[in-house]
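Residue numbers (my numbering): 716 to 849. The beta-carbon is built from N, C-alpha and C at its ideal position, and this holds for glycine as well. If you're wondering where the values come from, they're calculated on a predicted model, not measured in any experiment.
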């Protein structure tokens, strides 16, 4: 790992989610809650539309640092607060933007702060990954 400074942006990416992404994730995770694939059910329970799985959003967020990190075994801790849903439009899907920035350093670890947004709004609050420094 190169020399780090608090405030350094270490990775950024945009992930395009589609309804197919949600179906694939449901199959992999076993989470077949119909709010993740049926508009009528989502509307009936008061949602704006079909939602991406929270754990899918959490996973794609931490995946942003994968190349920079090199070894996922260096992750010590990862936590988020789910603050807003990602609504995945049937036609256009959803674009989720992720930025990873060094938030804190000590001799052995680095805290990486993730900013995760959809439609200009943060969807994960206090998304932080603590990693072992190389």
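Checklist entry - DSSP state of residue 753, grouped into three classes? => result coil
Item to check | Residues sharing a beta bridge with residue 824, DSSP | outcome: 847
Checklist entry - Per DSSP, residue 794 is paired with what? => result 843
Next on the checklist: In whole angstroms, give me the CA-to-CA distance for residue 828 and residue 719.
Outcome noted: Between the C-alpha atoms of residue 828 and residue 719 there is a straight-line separation of about 13 Å.
Checklist entry - In whole angstroms, what separates the C-alpha of residue 845 from that of residue 769? => result 20 Å
Checklist entry - In whole angstroms, what is the alpha-carbon distance linking residue 730 and residue 742? => result 19 Å
Checklist entry - How many whole angstroms separate the CB atoms of residue 813 and residue 767, which I take to be in contact at a CB cut-off of 8 Å? => result Contact flag wrong, Cβ pair sits at about 13 Å.
Next on the checklist: When you compare the CB positions of residue 772 and residue 811, do they come within less than 8 Å of one another, or not?
Outcome noted: Closer than 8 Å, so yes.
Next on the checklist: Helix, strand or coil for residue 799? Go by DSSP, reduced to three states.
Outcome noted: coil
Item to check | Burial state of residue 800, where buried means 16 or more other Cβ atoms lie within 10 Å | outcome: So residue 800 ends up on the buried side.
Checklist entry - When you compare only the Cα positions, how much space is there between residue 850 and residue 835? => result In the structure as shown, the chain begins at 716 and stops at 849. Residue 850 is therefore absent and cannot be evaluated.
Checklist entry - Is it buried or exposed for residue 849, if we count other Cβ within 10 angstroms and need 16 for buried? => result exposed
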